[in-house]
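24 is the number of the first residue of the sequence shown in the numbering used here; add one for each residue after it.
Heads up, the beta-carbon is just placed ideally off N, CA and C, and yes, glycines get one too.
Since the structure comes first, as structure tokens, the remarks are kept for the end.
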Amino acid sequence: MCGIVGYVGPQDALDVVLEGLRRLEYRGYDSAGVAVLADGILATAKKAGKLANLEKVLAEHSLPEGTTGIGHTRWATHGGPTDRNAHPHLSADGRVAVVHNGIIENFAVLRAECEAAGVEFTSETDTEVAAHLLAAAYAETPQGPGRLAEAMRRVSRRLEGAFTLVASHADEPDTLVASRRNSPLVVGVGDGEYFLGSDVAAFIAHTRDALELGQDQVVEIDCERGVTVTDLAGNRVEPTAYTVDWDAAAAEKGGHDWFMLKEIAEQPQAVADTLLGRLGEDGGLVLDEVRLSDQDLRDIDKVFVVSCGTSYHAGLIAKYAIEHWTRIPVEVEVASEFRYRDPVLDRSTLVVVISQSGETMDTLMALRHAKDQKARVLAICNVNGSTIPRESDAVLYTHAGPEVAVASTKSFLAQIVACYLVGLFLAQVRGIKYADEVAAIVADLRRLPDAVREVLDRMEPVRELGRSLADADTILFLGRHVAFPVALEGALKLKELAYIHAEGFAAGELKHGPIALIDQGTPVVVVVPSPRARESVHGKVVSNIQEVRARGARTIVIAEEGDEDVVPFADHVVRVPRTPTLMAPIVTAVPLQVLACAIADTRGYDVDQPRNLAKSVTVE
Ligand code: M6R
Numbered sequence: 024m025c026g027i028v029g030y031v032g033p034q035d036a037l038d039v040v041l042e043g044l045r046r047l048e049y050r051g052y053d054s055a056g057v058a059v060l061a062d063g064i065l066a067t068a069k070k071a072g073k074l075a076n077l078e079k080v081l082a083e084h085s086l087p088e089g090t091t092g093i094g095h096t097r098w099a100t101h102g103g104p105t106d107r108n109a110h111p112h113l114s115a116d117g118r119v120a121v122v123h124n125g126i127i128e129n130f131a132v133l134r135a136e137c138e139a140a141g142v143e144f145t146s147e148t149d150t151e152v153a154a155h156l157l158a159a160a161y162a163e164t165p166q167g168p169g170r171l172a173e174a175m176r177r178v179s180r181r182l183e184g185a186f187t188l189v190a191s192h193a194d195e196p197d198t199l200v201a202s203r204r205n206s207p208l209v210v211g212v213g214d215g216e217y218f219l220g221s222d223v224a225a226f227i228a229h230t231r232d233a234l235e236l237g238q239d240q241v242v243e244i245d246c247e248r249g250v251t252v253t254d255l256a257g258n259r260v261e262p263t264a265y266t267v268d269w270d271a272a273a274a275e276k277g278g279h280d281w282f283m284l285k286e287i288a289e290q291p292q293a294v295a296d297t298l299l300g301r302l303g304e305d306g307g308l309v310l311d312e313v314r315l316s317d318q319d320l321r322d323i324d325k326v327f328v329v330s331c332g333t334s335y336h337a338g339l340i341a342k343y344a345i346e347h348w349t350r351i352p353v354e355v356e357v358a359s360e361f362r363y364r365d366p367v368l369d370r371s372t373l374v375v376v377i378s379q380s381g382e383t384m385d386t387l388m389a390l391r392h393a394k395d396q397k398a399r400v401l402a403i404c405n406v407n408g409s410t411i412p413r414e415s416d417a418v419l420y421t422h423a424g425p426e427v428a429v430a431s432t433k434s435f436l437a438q439i440v441a442c443y444l445v446g447l448f449l450a451q452v453r454g455i456k457y458a459d460e461v462a463a464i465v466a467d468l469r470r471l472p473d474a475v476r477e478v479l480d481r482m483e484p485v486r487e488l489g490r491s492l493a494d495a496d497t498i499l500f501l502g503r504h505v506a507f508p509v510a511l512e513g514a515l516k517l518k519e520l521a522y523i524h525a526e527g528f529a530a531g532e533l534k535h536g537p538i539a540l541i542d543q544g545t546p547v548v549v550v551v552p553s554p555r556a557r558e559s560v561h562g563k564v565v566s567n568i569q570e571v572r573a574r575g576a577r578t579i580v581i582a583e584e585g586d587e588d589v590v591p592f593a594d595h596v597v598r599v600p601r602t603p604t605l606m607a608p609i610v611t612a613v614p615l616q617v618l619a620c621a622i623a624d625t626r627g628y629d630v631d632q633p634r635n636l637a638k639s640v641t642v643e
């Protein structure tokens, strides 16, 4: 939520900052702004709407050339998405410029204090208070190297809530400072140049050398002095350095119309890379990176899976596999509810938090609550060095590569695979499955990339179907067993991309109320579980298809190759390859992603940046 870029070095800062903002725009696109420090003056430009609006303004009136700059792309919280509320915000004397991601919870008290001192505010944001406080703190801080950083520490100590703040001062032409609490910030280290970014995409075109910043830390980047990190008391801290394992090309559209299409196409690779190095030669699993001892894993008597949105749906799917393979009870919960209901947790509870971004505030807070209660926390995450894996006891990375489209696709498939690895590993360590049983499931996992490739090769009829559904008012999604969370995910994709009312239901629940929604021609997408699924679940879903069709529904059935039972009741059949019951979500989710994308595209919407959304949700 909100993208932040900062640059000091020899290049034209405006170019570097704008390029960074282009790559971070998926984090928020309500407004964008930049400030460049040139000849002792901070020049700013900001505009409501997407970055393209700001670029248009700059094409008409560019900023003076300077080598220090900051930029921001906003997802509005305090104050509407207007020019006035766009960042950067300046202090009253125009000497300090600040960009911010997060929410300063005590801003009202601080604003009143500034107003009492005679400051006039020019926006409705919580951020502006930081610019004024910083100017005042700077004035009170003794001159010398590190003065702006010291002022930032003084201000940060007074702030409550979540923030990444990046600030520039007109008197310090080669320096930027930043502070972070509960919001993301990484530092890029180039050759004689330094970058700040909400994530590494901000500077990936310039360097792959990055530094992680911890909670409540302040960083100064300075052309002469390099990078200095301290805690809020001013004690030096050694940041953790890492090299980003993807390059700028991975964050480009690569010839596709949308990032989402590219990311859908990358799914076979995302699944393969998530399995890579984790399937042993002997058919067992090798998860050395899970830093929990075998004894810890044997002591677990309860698993919670906690996450949001698409990652929550991955957790719902994981429950079927983990319970089936380990016989340990699993509860799945949305992170925003988890800590408020006082869940029963102790040392023998494993809490698995799933997050593509590793920055989702609801999930982070759930993680912290779990740790406070002494539970063990294992993160499944796609972004190296992000906050959630850093604060967890153990981490299993999904190697899906950068996901830029706001709607999650490849990370979803990779999350399911990672959860399955965790479940199977637990079963292996606890001796619940014989080695040959583990090996058989591992062999099923190995076949998944090809199965996804096969689905992708057959998607043209689904795109065509999507075009024909573009005028629908409501589309319902049904599934049972593992196909139920897939139906929920199909509905979420459609809502967020095409702004069509969509709901996912457990097919068996239909007759308990939702069936009343079905009218003549209502499209109903049914994800059919494998005919080999538990008991007669397949037969029951076939009956559910008949029930909705009898009431006028237009039925779109996702069924595996060779399942002829569905044919008489389907207006459209989308075929997926035959896969073992628990593996089916990996293939059945794909046509639903393609369908939502095609409908949104036909309706003329921005598929990569749907309205009101942001890729990583860093506020509660
Ligand atoms: O980064 P996270 O996986 O923690 O994000 C969780 C949700 O915000 C995310 O999955 C969201 O629902 C997606 N945009 C859905 O496509």
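- Judged by DSSP in its simplified three-state form, Cys404 adopts strand.
- Phe592 has its alpha-carbon roughly 44 Å from the corresponding atom of Glu643.
- The beta-bridge partner set that DSSP reports for Ser378 consists of Cys404.
- Distances from the CB of Ala228 to the heavy atoms of the ligand M6R are all 8 Å or more.
- Straight through space, the alpha carbons of Pro546 and Val610 are spaced by roughly 21 Å.
- Spatial neighbours of Pro552 in its own chain (CB-CB distance under 8 Å, excluding positions within 5 residues in sequence) are listed in chain order as Gly502, Arg503, His504, Val505, Ala506, Val560, His561, Val564, Thr604 and Ala607.
- As a beta-bridge residue in DSSP terms, Val326 pairs with Val353 and Leu373.
- Under a 10 Å Cβ-count criterion, Ser85 is classified as exposed, with fewer than 16 other Cβ atoms of the shown protein chains found around its own Cβ.
- Scanning Val328, Thr333, Ala358 and Glu360 for the CA closest to the CA of Ile345 turns up Val328.
- Excluding residues up to 5 positions away in sequence, Glu235 lie with their Cβ nearer than 6 Å to the Cβ of Thr263 in the same chain.
- Under the three-state reduction of DSSP output, Asp305 falls in the coil class, being neither helix nor strand.
- Contact annotation: Pro111 and Ala58 have beta-carbon atoms nearer than 9 Å.
- With a threshold of 16 other beta carbon atoms within 10 Å, Arg370 falls short and is exposed.
- Taking Val122 as the centre and dropping the five residues before and after it, the same chain places the C-beta of Ile27, Ile93, His95, His110, Pro111 and Val189 closer than 6 Å to its C-beta, in chain order.
- Counting the other CB atoms within 10 Å of its CB gives Ile127 a total of 16 or more, which places it among the buried residues.
- Per the coordinates, the alpha-carbon of Val209 lies some 36 Å from the alpha-carbon of Asp473.
- Contact check for Thr383 against Cys442 fails: the beta carbons are separated by 9 Å or more.
- The beta-bridge partner set that DSSP reports for Phe130 is empty.
- Per DSSP, the unbroken beta strand (DSSP E) holding Leu60 starts and ends at Ser54 to Ala61.
- Looking only at Ala185, Ala430 and Thr410, the smallest Cα-Cα distance to Ala402 is reached by Thr410.
- For Pro546, the uninterrupted beta strand (DSSP E) run begins and ends at Pro546 to Val550, by DSSP.
- Taking the Cβ atoms as the reference, Asp586 lies roughly 14 Å from Pro614, outside the contact range of under 8 Å.
- Residue pairing from DSSP leaves Ile455 without any beta-bridge partner.
- By the Cβ test, the segment 355-369 is not in contact with the segment 460-480, since fewer than three Cβ pairs between them sit closer than 8 Å.
- Distance from the C-beta of Gly167 to the nearest heavy atom of the ligand M6R is not below 8 Å.
- Taking the CA atoms as reference points, Gly424 sits about 34 Å from Thr67.
- Taking C-beta separations shorter than 6 Å and ignoring five residues to either side along the sequence, the partners of Phe500 in its chain run Ala510, Gly513, Ala514, Gly527 and Val548, following chain order.
- In this structure Arg50 is buried. Its beta-carbon is surrounded by 16 or more other beta-carbon atoms within 10 angstroms.
- Between Ala75 and Leu41, the alpha-carbon positions lie close to 10 Å from each other.
- Excluding sequence positions up to five before and after Lys397, its CB lies within less than 8 Å of the CB of Leu368, Asp369 and Arg370, all in the same chain and listed in chain order.
- Selection Gly237, Gly257, Tyr217 and Ala273 evaluated against Glu247 yields Tyr217 as nearest (Cα-Cα).
- Looking from the CA of Phe448, the closest CA among Ile351, Val478, Glu78 and Ala529 belongs to Ile351.
- Lys285 has its Cβ no nearer than 8 Å to any heavy atom of the ligand M6R.
- The three-state secondary structure of Val121, taken from DSSP, is strand.
- If you compare the alpha carbons of Leu618, Met482 and Ile323 with that of Val375, the shortest gap goes to Ile323.
- Restricting attention to Ala55, Met283 and Arg45, the CA atom closest to the CA of Pro633 is found in Met283.
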